[in-house]
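51 is the number that the UniProt record's numbering gives to position 51 of the sequence shown; each next residue is one higher, with no gaps. Working notes, structure below.
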Amino acid sequence: MNVQQLSSLVIPFIFLIIFYFLLIRPQQKREKSIKEMRNSLKVGDNIVTIGGMVGKIVKIFEDEVTIEIGSDKTKITLEKWGIARVKQ
Numbered sequence: 001m002n003v004q005q006l007s008s009l010v011i012p013f014i015f016l017i018i019f020y021f022l023l024i025r026p027q028q029k030r031e032k033s034i035k036e037m038r039n040s041l042k043v044g045d046n047i048v049t050i051g052g053m054v055g056k057i058v059k060i061f062e063d064e065v066t067i068e069i070g071s072d073k074t075k076i077t078l079e080k081w082g083i084a085r086v087k088q
């Protein structure tokens, strides 16, 4: 193998490494933190759904939560993946 062939193999490899650390790794960290947030939900937490609704958790099931929304305390059940964040 001469130097030109070697460099033609090294450059794509370097781009793959850069791609991994700039795009894939941060996405994995975000997914992990979102999963931890959804697994640590508790009754009484105020949450925001991915649709923008704000409510208070009243029941928690394995993959679903029931929240109260509005002044009339309407209860809706949604899946945990539908929760965007816990409101502080």
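Glycine included, every Cβ here is placed at the ideal spot set by N, Cα and C. In this text, all values refer to a predicted model and were calculated from it rather than measured experimentally.
CB contact flag (residue i, residue j, <8 Å)
i: residue 79; j: residue 64; result: yes
Cβ-based neighbour list, residue i, same chain, cut-off 7 Å, excluding 5 preceding and 5 following
i: residue 53; result: 69
Residue i, DSSP secondary structure in three states
i: residue 6; result: helix
i: residue 32; result: helix
i: residue 80; result: helix
6 Å Cβ shell around residue i - same chain, five flanking residues per side excluded
i: residue 50; result: 82, 84
i: residue 86; result: 45, 47
Where residue i falls, given that 16 or more other Cβ within 10 Å makes a residue buried
i: residue 47; result: buried
i: residue 44; result: exposed
i: residue 124; result: Coverage of the chain is limited to positions 1 through 88, which leaves residue 124 absent and any answer about it impossible.
i: residue 30; result: exposed
i: residue 67; result: buried
Heavy atom of the ligand ZN within 7 Å of residue i beta-carbon
i: residue 19; result: No copy of the ligand ZN occurs in the structure displayed, which carries no ligand at all.
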